[in-house]
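Residue numbers (the working numbering), protein chains in the order written: chain W, 1 to 245; chain G, 246 to 479; chain L, 480 to 747.
All C-beta atoms in this analysis are idealised placements derived from N, C-alpha and C, irrespective of residue type, glycine included.
What follows is a short report on a single structure.
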Amino acid sequence: MPPVDARGTSILPLAFEGVGYAVRGVPLLADLSFVLEAGPCSVILGPNGAGKSLTLRLADGLLAPTTGRVRWLGPGAARAAGAKAVVFQRPVLLRRSAAANVDYALRLRGLPGETRERRTERVLAATGLLDLAGQPARRLSGGEQQRLALARAWALEPEVLFLDEPAAALDPAASRALEEAIRAIRREGTKIVMTTHDLAQAERMADEVLFLHRGRLVERAPAPAFFHEPRSPEAKAFLRAEVLP
Amino acid sequence: MPEIAEAFAAALRLIVGWEPELVEIAGLSLRVSLSAVALAAAVGLPFGAWLGVASFPGRHTLVVLLNALMGLPPVVVGLLVYLLLSRSGPLGALGLLFTPSAMIVAQTFLVTPIVAALTRQTVSDLHDEYGEQLRSLGAGPLRATATLLYEGRFALATALLAGFGRAIAEVGAVIIVGGNIAHATRTMTTAIALETSRGDLALALGLGILLIALSLAVNASAQLVSEAARRAAG
Amino acid sequence: MSRISTLLLLFGLTAVPAAAEGPSLTLASTTSTQDSGLFGDLLPRFEAETGIAVRVVAVGTGQALELGKRGDADAVLVHDRAAEDAFLAAGFAESRRDVMWNDFLIVGPGDDPAGVRGATDVAAALAKIAAARASFASRADDSGTHKAELRLWQAAGVDPRAASGAWYRETGSGMGATLNTAAELGAYLLADRATWVAFRNKRRLEALVEGDPRLRNPYGILVVNPVKHPHVKVDAARRFAEWLTSDAGRAAIDGFRVDGVQLFHAGR
């Protein structure tokens, strides 16, 4: 079922207008201005401390900017809250079964029991977790837990899915499995906005790259252009795996 | 110490004899303390949860104050509740003094800070862990707090048991507001105080052993329930 | 009742309301009358005769009078004539009657370091204890017993409070607790016979000085004034006071024995 409702009231695009974020007077992000459109998988890339996680949280609305604005510009912007979902770096699962964790998120949306059951089964099957549905969620392996967190977000059938370094804590095999699931979600029409510091992963996943360095958007380009012909010195250095100042 | 051996003998005699008076005072101890814990939970769980997630100036001071109230001396609470419920006091018309209800009131005051403070700590830690995720899923503050309370149910059960332990063991509050009246407001602890003042130390200690056994029984049952639930939830 | 159902009752969580209340009265009294077992013997007789249950709150004399003053008790039975008269004069009681007396005695360690055993003059005995600086435990709680003790020290011409913390130990506790302390320390103390005979932790303590008329300890019953506290159960309290001073009450008081010893004597 496509996330964008049949009448086409999308919440995208998402606009950052002169966004800055400071904590106790110390600026962590400055002058972020960009627009995310429906379609491409947008990867926010940068070294640690560049402000990627902050940017993602501002995009989802978990944080409010100190300066500037974050706005949903689409015709369906009023219902943005219910049309997006977030997956964090560490799976934050409740002390209940895997299926119950997905069900919880669906109950928050007020969906009826039959719908919840159907969606839960679908996403668990799609992430290969159906056999573990009745298991206590926190007893699953790290990779399985993160896939469950993803399944939970998927069940909400969001128009936009934010992922904050979702594979950072996973081993390569689990990381790949997660990427596969993310692609599956993307194929259903959900826009993916993902942060990562893993170059290889970015290359595998991105359609476009927003490169952050020290709290500023330094470069933005379609993926092939960014990876083969970066324009900014910081991006070049990053791609050469040099230590950035 | 010969009294210890005599005490165990006395305790055994009491159990075997199953004296109605013993059943009466043990039953009253349980009734008063369990009721107090129930009331303390009704007040302390929501308040502690709110304090665990709320953010406002002076919150830190309130937390420190709440933690300090865990150490309220029972005899002081007893005195204050006595002054409150005395016929010459503001709530005298209720006629609660020297009844089990007064004892429940006093113990509720003792137990509530414990439940509230431990709930606050538990919910606050859980809030650090889950707060963002729950918000991102669209849970409003009330719903999120309820979820956190449910998540922390094992730690909260321990908080309730801690409160129960405090209540069943104290004598200072119940003896002042209850009056240690025979067949009316005499509990295990006040009976122990009485037998001590009569010099019957072996009997007093025997009652003490039974009181500990009672408390053990309550804690053991709670533990069994908790273990089963924990296995189910992981 | 089978043990299983008793167990269930024991572990019942629901607050079962107390058994249906018949007529009752709240009596504030002292620990001596409770600890000696007198009330355990006396009150069921009163209840059988009148149907009125007596709920006893046993505290120190000072606290008992305070309860009466505040209207938390319907009647007060204590042994401090001066305080009782003041209570009556201040209008907190509508009446006062003499009920009974028991006597005090000096108990002390069996080896009697101050050499007072068998003395008939209690003031002289106290003077000897002070001279010998022998350990003495005082209730020091403004109770009837404590005030009697202080009057006896005065008669002996000694102010032991100057030695508080040295040989004069002020426990600030009830009779039973002070007896426990004295038994532990091997100290002398002034005890009422009733509590002493019924006390189960005597250890090395023995009765050493008794019989001096100054050791008489009279008890009085005060009926709390309904004008000050309209809610008090004044009818029940009056009946109790009457019963205590009636032939039936006096016979019960005189008939009460512990280990064959008569502890209380009806009348003045």
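Cβ neighbours of residue 347(G) in the same chain (closer than 7 Å, five flanking residues each side left out): Within the second sequence, the letter at position 102 stands for residue 347(G). If we look at residue 347(G) and ignore the five residues flanking it on each side, its Cβ neighbours are 326, 330, 341, 422, 423.
Apply the 10 Å Cβ neighbour rule to residue 722(L) and answer buried if 16 or more other Cβ atoms are within range, or exposed otherwise. Numbered from its first residue, the third sequence carries residue 722(L) at position 243. Buried: at least 16 other Cβ atoms inside 10 Å.
Mind checking which residues open and close the alpha helix (DSSP H) that includes residue 333(G)? For the purposes of this step, residue 333(G) is taken as the residue at position 88 of the second sequence. Boundaries for residue 333(G): no alpha helix (DSSP H) harbours it, and the DSSP string shows neither H nor E there.
Whole-number beta carbon distance between residue 580(L) and residue 696(L), since they are thought to touch under 8 Å: Position 217 of the third sequence, counted from the first residue, corresponds to residue 696(L). Position 101 of the third sequence, counted from the first residue, corresponds to residue 580(L). Correct: roughly 6 Å between the Cβ atoms.
With a cut-off of 8 Å, does the C-beta of residue 570(L) fall near any C-beta of chain G? For the purposes of this step, residue 570(L) is taken as the residue at position 91 of the third sequence. Using a Cβ-Cβ cut-off of 8 Å, residue 570(L) does not count as an interface residue toward chain G, since no Cβ of chain G sits closer than that to its own.
From the DSSP secondary-structure annotation, give me the bridge partner or partners of residue 372(G). Residue numbering aside, residue 372(G) sits at position 127 when the second sequence is read from its first letter. For residue 372(G), DSSP assigns no beta-bridge partner whatsoever.
Could you run through the segment 374-386 of chain G and flag, in chain order, every residue whose CB is less than 7 Å away from some CB of chain W? For the segment 374-386 of chain G, which is checked against every Cβ of chain W, the residues closer than 7 Å are 374, 375, 377, 378, 380, 381, 382, 383, 384.
On a Cα-Cα basis, can you pick out the residue from 667(L), 607(L), 623(L) that is closest to residue 636(L)? Position 157 of the third sequence, counting from 1, holds the residue named residue 636(L). When each option's Cα is compared against that of residue 636(L), the closest is 607(L).
Express the C-alpha separation of residue 621(L) and residue 669(L) in angstroms, rounding to a whole number. Counting from one through the third sequence, the residue named residue 669(L) turns up at place 190. Counting from one through the third sequence, the residue named residue 621(L) turns up at place 142. One C-alpha to the other measures close to 14 Å.
Taking residue 94(W) as the reference, which of 113(W), 149(W), 118(W) has the closest Cα? Walking along the first sequence from the start, residue 94(W) turns up at place 94. Of the residues 113(W), 149(W), 118(W), the one whose Cα lies closest to the Cα of residue 94(W) is 149(W).
Can you tell me whether DSSP reads residue 154(W) as helix, strand or coil? In the first sequence, residue 154(W) corresponds to position 154, counting from 1. Three-state result, residue 154(W): helix.
Chain G residues whose Cβ lies nearer than 8 Å to that of residue 536(L): As a working note, residue 536(L) is residue 57 in the third sequence. Correct list: 343, 424, 425, 426.
Just verifying my parser: in three-state terms, what is the DSSP assignment at residue 443(G)? The residue labelled residue 443(G) in the question sits at position 198 within the second sequence. If DSSP states are grouped into helix, strand and coil, residue 443(G) belongs with coil.
Need the endpoints of the beta strand (DSSP E) that residue 729(L) sits in, please. On the third sequence, position 250 is the one that residue 729(L) refers to. Run containing residue 729(L): none in the beta strand (DSSP E); it sits in the alpha helix (DSSP H), 726-734.
Could you confirm whether any beta carbon from chain W is found closer than 8 Å to the beta carbon of residue 396(G)? By one-based count along the second sequence, residue 396(G) stands at place 151. Contacts with chain W at 8 Å (Cβ-Cβ) include residue 396(G).
Helix, strand or coil at residue 65(W) [DSSP, three-state]: Against the first sequence, residue 65(W) aligns to sequence position 65. The three-state reading of DSSP puts residue 65(W) in coil, since its state is none of H, G, I, E or B.
Straight-line CA distance for residue 597(L) to residue 694(L)? Locating residue 597(L) in the third sequence gives position 118, where the first residue counts as 1. Locating residue 694(L) in the third sequence gives position 215, where the first residue counts as 1. Approximately 14 Å between the Cα atoms of the pair.
Any Cβ of chain L within less than 8 Å of the Cβ of residue 483(G)? Residue 483(G) lies beyond the residue range present for chain G, which begins at 246 and ends at 479; the question has no answer from this structure.
Contact criterion: CB-CB distance below 8 Å. Does residue 494(L) meet it with respect to chain G? In the third sequence, the residue the question calls residue 494(L) occupies position 15. Residue placement at residue 494(L) is poorly supported in this model, since its pLDDT is 40, which falls under 50; the coordinates still yield a value, given next. For residue 494(L), a Cβ of chain G is located within less than 8 Å of the residue's own Cβ.
Return helix, strand or coil for residue 84(W), following the three-state DSSP convention. The residue given as residue 84(W) occupies position 84 in the first sequence. In this structure, residue 84(W) counts as strand in the three-state DSSP scheme.
For residue 261(G), count the other beta carbons within 10 Å of its own beta carbon; 16 or more makes it buried, fewer makes it exposed. Which is it? What you label residue 261(G) is simply residue 16 of the second sequence in a count that begins at 1. Under a 10 Å Cβ-count criterion, residue 261(G) is classified as exposed, with fewer than 16 other Cβ atoms of the shown protein chains found around its own Cβ.
Tell me, to the nearest whole angstrom, how far the beta carbon of residue 356(G) is from that of residue 293(G); I am working on the premise that it is less than 8 Å. Taking the second sequence and counting its residues from 1, one reaches residue 356(G) at position 111. Taking the second sequence and counting its residues from 1, one reaches residue 293(G) at position 48. No, residue 356(G) and residue 293(G) are not in contact; Cβ-Cβ is about 12 Å, not under 8 Å.
Counting only beta-carbon atoms, is residue 353(G) nearer than 8 Å to chain L? As a working mapping, residue 353(G) is identified with position 108 in the second sequence. No, residue 353(G) lies away from the interface with chain L (no Cβ there is under 8 Å from its Cβ).
Can you tell me which of the three DSSP states residue 741(L) falls into? Here residue 741(L) refers to the residue found at position 262 when the third sequence is read from its first residue. Assignment of residue 741(L) by DSSP, reduced to helix, strand and coil, places it in the strand class.
Would you kindly work out how many angstroms separate the C-alpha atoms of residue 314(G) and residue 304(G), rounded to a whole number? Numbered from its first residue, the second sequence carries residue 314(G) at position 69. Numbered from its first residue, the second sequence carries residue 304(G) at position 59. Approximately 15 Å between the Cα atoms of the pair.
Closest by C-alpha distance to residue 711(L), when choosing among 459(G), 332(G), 283(G): For the purposes of this step, residue 711(L) is taken as the residue at position 232 of the third sequence. Per the Cα distances, 332(G).
Environment of residue 228(W) [buried if 16+ CB atoms lie within 10 Å]: Reading the first sequence from its first residue, position 228 is the one you call residue 228(W). It counts as exposed.
Would you say residue 81(W) faces chain G, with C-beta separation under 8 Å as the test? For the purposes of this step, residue 81(W) is taken as the residue at position 81 of the first sequence. Output row for residue 81(W): interface = yes.
Could you tell me how far apart the beta carbons of residue 401(G) and residue 394(G) are, in whole angstroms, since I believe they sit closer than 8 Å? Here residue 401(G) refers to the residue found at position 156 of the second sequence. Here residue 394(G) refers to the residue found at position 149 of the second sequence. Residue 394(G) and residue 401(G) do touch by the CB rule: their CB atoms are close to 7 Å apart, below 8 Å.
With a cut-off of 8 Å, does the C-beta of residue 651(L) fall near any C-beta of chain G? Locating residue 651(L) in the third sequence gives position 172, where the first residue counts as 1. It does not: the Cβ of residue 651(L) has no partner Cβ on chain G nearer than 8 Å.
Residue 681(L) by DSSP, collapsed to three states: which one? The residue labelled residue 681(L) in the question sits at position 202 within the third sequence. Residue state, collapsed to three classes: coil.
Per-residue contacts from residue 278(G) into chain L (C-beta, under 9 Å): Here residue 278(G) refers to the residue found at position 33 when the second sequence is read from its first residue. The CB of residue 278(G) never comes closer than 9 Å to any CB in chain L; the least such distance is about 11 Å.
In terms of alpha-carbon separation, which member of 547(L), 523(L), 514(L) lies closest to residue 701(L)? By 1-based counting over the third sequence, the position of residue 701(L) is 222. Residue 547(L) holds the alpha-carbon nearest to the alpha-carbon of residue 701(L) among 547(L), 523(L), 514(L).
Please report whether the beta-carbon of residue 388(G) lies at a distance below 8 Å from any beta-carbon of chain W. Residue numbering aside, residue 388(G) sits at position 143 when the second sequence is read from its first letter. Chain W, which has a Cβ nearer than 8 Å to the Cβ of residue 388(G), makes this yes.
With the cut-off set at 8 Å, would you say residue 319(G) and residue 276(G) are in Cβ contact? Taking the first residue of the second sequence as 1, we reach residue 319(G) at position 74. Taking the first residue of the second sequence as 1, we reach residue 276(G) at position 31. Against a cut-off of 8 Å, the Cβ pair of residue 276(G) and residue 319(G) comes out as no contact.
DSSP three-state label for residue 625(L), please. Taking the first residue of the third sequence as position 1, residue 625(L) is located at position 146. Reduced to three states, the DSSP call for residue 625(L) is helix.
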